[in-house]
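Numbering (this note's numbering), first residue to last: 332 to 1144.
Pasting the structure below:
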């Protein structure tokens, strides 16, 4: 077999990939699209993988790193907010501002706004006009299919000033955020007392009872959380007092207190206390599935996260400008809270964090999960790393009695040993200042605009974001990230089309059949490994739309029964949410893993694969145009959500996914013969993507880092195209065939399949943001997700009659 055919073959089969191993990919939820970068700043507030679109690049990097370590109504999401409603809620000035922004959103997604109510023909006409608008038909699709599909996209979709990028996902998210905002703006329902309303009833008791029941209602809690976040008048009036009170509770922040007593400082106690608020600082701890026994939850430890996305931001001179911006941000915040000698304190903190970065391992050195994995008892761990009182740490974090015989998993023994040495060599006040800086930094969204302006300056310098997002958007993201099942319930009840759920299930089965066909045609995998691979794809569990329990008010209320939300105290509400999420996670220790639980929320635009559960997830938020609509031709649905399904299926068999068996356990089930040939078929793809360069920043893609996602894209397009052709071949009704063609587009049904796939990746990103994204992203830029995938797929070249040797039909694939 020639090198040419080997490379082409390896890309076409769906069971090949090499993903960069960012940390210990325990229960990683591989996802279709890079996360919202604003949420990197909320990383300690959220422990799930929350993929929303990009506000700033730093957020994406750290929340993804944190996530990886552990592991619609009709299809359109309406956006409407009458100006009068906004004015009543927020006053005339701010209401008009929100109304204007809503109208701008409506203009951008006008076709989506009407699709849910338009009849069959009008839906198709609206979509056809939109697709035609974005195309640049003067470009030869065989020369540059991305420019052909997306050449005019930027003309109609300017990057908003409060974002660093915009793309198809962002437009959908803009619509979804508007929908969530409107749902959260609905008045909190009055829950009347069950006592009889007679003259003898105690009215004060009735009011207390009604208030108590309102607090217990999950959806009302979400609305109150949003309301408290939006009540800036109260936030501004309270100022930094809630923060200072909390810092005092933690023992004081040395840079604010000249009388701070270092003799009473206990770094481990403070680290454990901050972990109760979902802050992973110095020690990363979580409770999750054991990769060697995915049915069992166990305590696990790993090396720290940092205040910037990767260790290289602290260690490489080329990143000095970003470290300087980080320092200036720190100085500004310290000054705002009343600290003196802010520059000196910031220098001390950064010196400590730089030393901390030095003792962490680079991600490229952490690719062998078997070497990193060490299961032990707390007693034995104490002997190996005596400088940390592990039992005391866990007793604080989990608020229970911990025994020495408890089993845990350690992924960073050398780091922990070096951490003890570093702390011993550092002034206690510096360690305390660093720990509380990391905590305070993530409380900025809970404070007044002076702090948000400092954050915005940091974002402008690093990523080119010109202004902060409107407050309502930050608040929507906070609520959806932290009470995602409650917001999901509101969203699904009003906007989700159940037809999309049934259609998606059918498409998943069709793509699984495509996988089996491709597997049977593969000649370099032995029969034993093929049989096990087929069992794994058959065993994949499927989560589509939303978990059923969110439609039960009783069950939803039970989920959030221990979460207390005050209508006005946003700062305390955030702390309550953090404590609630932490306790929910910690109480899983020793419990069997519930593989029926959702690992994501319904109202997000993305899709996921979980290795430890062998589960694929398609939330309600992604089941909308351009991915899916019940009135779309099948070619668009297969080219949209069909490719997404195939992408996620492929992750179960990439270079990390293949290490886990059908039950989600780390297990060597591939033969040596198949593994050898698997690795032989990875080199040309890396070389292909290494040649792609982002012209505006002069930076090449890292083919090694992006390899897994590139292969998943290739596997997805192959499976979806096969499934669509199989569906097409079983249809003999001419009306059905005619419905596969869109008006005003002179394209065949299969050409429309590829066009929709291409237009999913239309987008623009600011130059500075792009430079930073390339430092951490595991996905290739949209242009090369299109060009790289389709230039390796022979069926594309046939459909567009691309001559051999043209850019989209290279001789070597």
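Every residue gets a Cβ at the ideal spot worked out from N, C-alpha and C, and that includes glycine. Just so you know, these numbers come straight off a predicted model, no measurement behind them.
Below 6 Å CB to CB, which residues in the same chain sit around residue i once its five sequence neighbours on both sides are set aside?
i, result
"residue 743", "633 and 634"
"residue 438", "Per-residue confidence for residue 438 stands at a pLDDT of 39, beneath the threshold of 50, marking its modelled position as unreliable; no derived number is given."
"residue 428", "Residue confidence is low: residue 428 scores 44 on pLDDT, short of 50, so the model does not pin down where it sits. Its coordinate-derived value is still stated next. Nothing listed; no residue qualifies."
"residue 555", "896 and 898"
"residue 571", "668"
"residue 1138", "474"
"residue 415", "Note that residue 415 has pLDDT 33, beneath the 50 cutoff, so the model's placement of it is unreliable and no number is given."
"residue 1051", "969, 973, 974 and 977"
"residue 424", "Any reading at residue 424 must be qualified, since the residue scores a pLDDT of 44, below 50, and its modelled position is unreliable; no value is offered."
"residue 503", "936"
"residue 1133", "473, 1139 and 1140"
Rounded to a whole number of angstroms, what is the C-alpha to C-alpha distance between residue i and residue j?
i, j, result
"residue 1036", "residue 1123", "19 Å"
"residue 794", "residue 1099", "5 Å"
"residue 1106", "residue 650", "10 Å"
"residue 881", "residue 822", "10 Å"
"residue 760", "residue 690", "20 Å"
"residue 732", "residue 773", "30 Å"
"residue 745", "residue 916", "26 Å"
"residue 620", "residue 707", "15 Å"
"residue 1078", "residue 481", "16 Å"
"residue 1074", "residue 827", "27 Å"
"residue 683", "residue 638", "12 Å"
"residue 1080", "residue 1128", "15 Å"
"residue 688", "residue 640", "11 Å"
"residue 792", "residue 648", "17 Å"
"residue 734", "residue 716", "17 Å"
"residue 600", "residue 573", "21 Å"
"residue 983", "residue 861", "14 Å"
"residue 787", "residue 496", "16 Å"
"residue 1170", "residue 978", "There is simply no residue 1170 to check, as the chain begins at 332 and stops at 1144 in what is shown."
"residue 1126", "residue 941", "30 Å"
"residue 986", "residue 980", "13 Å"
"residue 284", "residue 1113", "Residue 284 cannot be examined here, being either before or after the span of the chain that is shown, 332 to 1144."
"residue 1140", "residue 875", "36 Å"
"residue 936", "residue 508", "11 Å"
"residue 476", "residue 1136", "15 Å"
"residue 709", "residue 630", "10 Å"
Spatial neighbours of residue i within its chain, please: CB distance less than 7 Å, with the 5 preceding and 5 following residues excluded, ordered by chain position.
i, result
"residue 754", "598 and 762"
"residue 783", "775 and 799"
"residue 728", "603, 606, 607, 616 and 917"
"residue 878", "929"
"residue 712", "721, 739 and 741"
"residue 666", "673"
"residue 1041", "1016, 1020, 1111 and 1119"
"residue 747", "716 and 719"
"residue 1022", "none"
Apart from the five residues on each side of it in sequence, which residues of its chain come closer than 8 Å, Cβ to Cβ, to residue i?
i, result
"residue 997", "622, 623, 700, 701, 704, 990 and 991"
"residue 1055", "965, 966, 969, 970, 973, 1081 and 1084"
"residue 434", "Residue placement at residue 434 cannot be trusted, given a pLDDT of 37 that sits under 50; what the coordinates show is reported in the next sentence. Counting only Cβ-Cβ distances below 8 Å, and skipping sequence neighbours, we find nothing."
"residue 552", "546, 814, 817, 891, 894 and 896"
Mind checking who residue i pairs with in its DSSP beta bridge?
i, result
"residue 741", "632 and 705"
"residue 891", "According to DSSP, which records beta bridges pairwise, residue 891 is partnered with nothing at all."
"residue 1148", "Absent from the structure is residue 1148, since the part of the chain shown begins at 332 and ends at 1144."
"residue 950", "876"
"residue 1094", "498"
"residue 1013", "Residue 1013 pairs with nothing; no bridge assigned."
"residue 923", "627"
"residue 1030", "1025"
"residue 506", "In DSSP, residue 506 forms no bridge with anything."
"residue 997", "991"
Would a check of beta-carbon distances place residue i closer than 8 Å to chain C?
i, result
"residue 712", "No chain C appears in this structure, which consists of one protein chain only."
Please determine whether the Cβ atom of residue i lies at a distance below 7 Å from any heavy atom of the ligand MG.
i, result
"residue 1059", "Of ligands this structure carries none, so the ligand MG is not represented either."
For a minimum of 3 consecutive residues, which ranges assigned as the beta strand (DSSP E) are wholly contained in the region 583-633?
Those beta strand (DSSP E) runs which fall completely within the region 583-633 and span 3+ residues are 615-621 and 624-633.
Within the chosen definition, does the region 945-957 reach the region 769-785 through at least 3 CB pairs nearer than 8 Å?
Contact fails: fewer than three Cβ-Cβ distances are below 8 Å.
Three or more C-beta pairs under 8 Å: does that hold for the region 1064-1079 against the region 1087-1096?
Taking 8 Å as the limit for Cβ pairs, the verdict is that the region 1087-1096 does not touch the region 1064-1079.
Can we say the region 604-619 touches the region 908-927, given the rule of at least three CB pairs closer than 8 Å?
Yes, they touch.
Closer than 8 Å is the cut-off here; do at least three beta carbon pairs connect the region 576-588 with the region 834-845?
Between the region 576-588 and the region 834-845, the count of C-beta pairs closer than 8 Å stays below three; the two stretches do not touch.
Sequence ranges, alpha helix (DSSP H) only - wholly within the region 1061-1118, length at least 4:
Listed in chain order, the alpha helix (DSSP H) runs fully inside the region 1061-1118 are 1065-1069, 1080-1091 and 1098-1107, counting runs of at least 4 residues.
Go through the region 455-496 residue by residue and report every complete run of the alpha helix (DSSP H) that reaches 4 residues or more, in order.
Runs of the alpha helix (DSSP H) inside the region 455-496: 476-481 and 484-487.
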